[in-house]
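Counting in numbering that gives the first Met the number 0, the sequence shown runs from 0 upward without gaps. The beta carbon of each residue, even a glycine, is placed where N, CA and C say it ideally should be. Here's the structure, in structure tokens; my notes come after.
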Amino acid sequence: MEAETCGTAAVYVSEVLRALGNALQAPPTVWFKESSQKNLRSRDFLVPRGALRKSFPDGEVPAELILTLLSLDAPDLPPLRQCLQCDAGLVVQLDRPALFYRVLRDFAPYLKPLPSADHGQDIVILNCAPLHSAKSLDALRLSHLRAALLADHLAEVLTLNGKHVYPVPAVPSKEVEEFLSQLGISWPSSGDTSLVEETVSSFKDFLRDCVQNAGDGNHTQSPDEIRVQLKTSAEKHNLTLEGYAPNLDFFLVSEDDLRHVARLQRSVQDLVQTSPCTVLHIISCEEEFHQQKLDLLWRLMVPSSRDVTQKHLICGPVKVLNSTAPPSSSQYFQLRKSQMLEASVMKYGESVKGDSWDEIITSLTSAAVKFELMATPHRSQVNLNLEDGNITTKGTKSGAFVMYNCARLATMFDSYNDAASEGTASGGQWRPSGG
Numbered sequence: 000m001e002a003e004t005c006g007t008a009a010v011y012v013s014e015v016l017r018a019l020g021n022a023l024q025a026p027p028t029v030w031f032k033e034s035s036q037k038n039l040r041s042r043d044f045l046v047p048r049g050a051l052r053k054s055f056p057d058g059e060v061p062a063e064l065i066l067t068l069l070s071l072d073a074p075d076l077p078p079l080r081q082c083l084q085c086d087a088g089l090v091v092q093l094d095r096p097a098l099f100y101r102v103l104r105d106f107a108p109y110l111k112p113l114p115s116a117d118h119g120q121d122i123v124i125l126n127c128a129p130l131h132s133a134k135s136l137d138a139l140r141l142s143h144l145r146a147a148l149l150a151d152h153l154a155e156v157l158t159l160n161g162k163h164v165y166p167v168p169a170v171p172s173k174e175v176e177e178f179l180s181q182l183g184i185s186w187p188s189s190g191d192t193s194l195v196e197e198t199v200s201s202f203k204d205f206l207r208d209c210v211q212n213a214g215d216g217n218h219t220q221s222p223d224e225i226r227v228q229l230k231t232s233a234e235k236h237n238l239t240l241e242g243y244a245p246n247l248d249f250f251l252v253s254e255d256d257l258r259h260v261a262r263l264q265r266s267v268q269d270l271v272q273t274s275p276c277t278v279l280h281i282i283s284c285e286e287e288f289h290q291q292k293l294d295l296l297w298r299l300m301v302p303s304s305r306d307v308t309q310k311h312l313i314c315g316p317v318k319v320l321n322s323t324a325p326p327s328s329s330q331y332f333q334l335r336k337s338q339m340l341e342a343s344v345m346k347y348g349e350s351v352k353g354d355s356w357d358e359i360i361t362s363l364t365s366a367a368v369k370f371e372l373m374a375t376p377h378r379s380q381v382n383l384n385l386e387d388g389n390i391t392t393k394g395t396k397s398g399a400f401v402m403y404n405c406a407r408l409a410t411m412f413d414s415y416n417d418a419a420s421e422g423t424a425s426g427g428q429w430r431p432s433g434g
């Protein structure tokens, strides 16, 4: 089995489109990856009839080219089931059972960077905004946890696409660090606080000078907050406000706000040489407006930051049903863990005890939490039902159901293949139906 999977190559849509285009003697852009649920019943890729007419008389593809498409065979190409012409154009349908088996049999190639990734070029500073204020575990709200899970996922995806990813900020609390680690979130846990504080001090001096020069000194300034006229200052420095909320104006800047910007500035100074840089802010929706203020404040205080591309990815809210006092992230995890333990005891009895079972329950809980918070599109609201009877291995929408059945199927496949290799099961190793 090991030797069989060693030669498996990952299948990427971009590479498939390129190969199909070459075989058809046309640019890969003439092919479309089907996404309609209805159309996916009969096809995976399509060249529309109109595009065919540009390359072939009457839009008819020669039979030998269709045979060439069907005979495509390479390690990084999926097996084809059929290729034919119809009213819609030229369609290709994959041999899905064989492809699914190939992917599920060995997913290691998909954990490597894309072959076409341009290494050493783009730098992405991934700013998980809620972590700046996560000074204790109790302060980590459910919406913050959702943003942290998404940021960790994006770090993996961007890395696989050849980007150099640098997460910001360093987690300010040891207990928050341990909690995130339990969920499999890999985030830096230390930073040079002295340099950050130096930058904060210089920012304070700059803002106080700006306030005095703008004649805004009549307003009482708190020792811990500085009142900044964002819109007036932006117009004075000819900064475009396109894309910002129209009501951005006064901003009471706190020390925590300045530390947030200082960490970003230190990251840019430390990392950016000649490569392009993008700062991607991952923000919970309730902090979207505040992050826009920080974005603009940074551009005002540090002119060189205006050359840095800033993008905002907003996470929708997390709502706990039938609750007037939503739990913290830690309370949510512990509740789900106790429910997972109870469900396991009901299924397996009193054998569910000891360190090994605790490790299994913790692992299943972490997976179920990720499933619950990430199965919904990131801009949409997540609705959580935390009632005792809600976690189950029978409801198809619960994280517990998915995790339990993934483990159950994996065990069934392993047991069957072991039995087949020992000659105690008929039919050879497990294969998908039709494969």
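In the DSSP annotation of this structure, the continuous segment of the beta strand (DSSP E) that includes L93 starts and ends at 88–93. In this structure, DSSP gives P56 a helical state, which the three-state scheme calls helix.
In the structure shown, P129 falls within a helical segment according to DSSP collapsed to helix, strand and coil. Remark: C-beta atoms of P325 and L334 do not approach each other more closely than 8 Å. Secondary-structure assignment with DSSP links N382 through a beta bridge to K318. DSSP places K32 in the strand class (E or B) of the three-state scheme. Counting only unbroken stretches of 3 or more residues, the beta strand (DSSP E) elements lying wholly within the region 269–350 are 276–283, 308–314, 317–319, in sequence order. Between P78 and A97, the gap from beta carbon to beta carbon is short of 8 Å. Residue pairing by DSSP puts V227 in a beta bridge opposite F250.
If you ignore the 5 residues before and after L296, its C-beta comes within less than 8 Å of the C-beta of V227, L229, F250, V252, D256, V260, all in its own chain and listed in chain order.
Excluding five sequence positions before and after P245, none of the CB atoms of its chain fall closer than 7 Å to its own CB.
Going by C-alpha positions, P302 is about 27 Å away from S189.
Sequence-distant Cβ neighbours of Y243 in its own chain, meaning closer than 7 Å and more than five residues away, are Q291, L295. Within 10 angstroms of the beta-carbon of A154 lie 16 or more other beta-carbons, which makes it buried.
In this structure, the alpha-carbon of N160 lies about 12 Å from that of S13.
In the three-state DSSP reduction, P26 falls in the coil class, being neither helix nor strand.
With a 10 Å radius around the Cβ and a threshold of 16 neighbouring Cβ atoms, F178 comes out buried.
Of all alpha-carbon atoms in C284, P108, A409, the one lying nearest the alpha-carbon of H311 is that of C284. Your pair Y109 and A22 does not check out as a contact, with CB atoms roughly 24 Å apart and the cut at 8 Å.
Its chain contains Q181, L182, G183 as the residues whose beta carbon lies nearer than 7 Å to that of S365, once the 5 sequence neighbours on both sides are disregarded; these appear in chain order.
With respect to I124, C276 sits close: the two C-beta atoms are nearer than 8 Å.
Looking at the DSSP output, I122 shares a beta bridge with H163, C276.
Boundaries of the beta strand (DSSP E) harbouring L79: 79–85, taken from the DSSP string.
Distance from the CA atom of G20 to the CA atom of G58, rounded to whole angstroms, is 16 Å. Note that the C-beta distance between V167 and S266 is below 8 Å. Taking the C-beta atoms as reference points, Y165 is found no nearer than 8 Å to I225. Taking A150 as reference, the option from K134, A138, L130, T375 with the minimal CA-CA separation is L130.
The C-beta separation of S135 from V317 comes to about 19 Å, leaving the pair out of contact by the 8 Å criterion.
P47 carries a strand assignment under DSSP once its states are collapsed to helix, strand and coil.
Here the alpha carbons of D94 and S41 stand approximately 11 Å from one another. Annotated as proximal: M373 and H152, with beta-carbon spacing under 8 Å.
Annotation: D417 to A107 spans about 21 Å, alpha carbon to alpha carbon. Straight-line spacing of the CA atoms in D269 and L279 works out to 17 Å. A direct Cα-Cα distance of roughly 43 Å separates P47 from L383. The DSSP-derived three-state label of A366 is helix.
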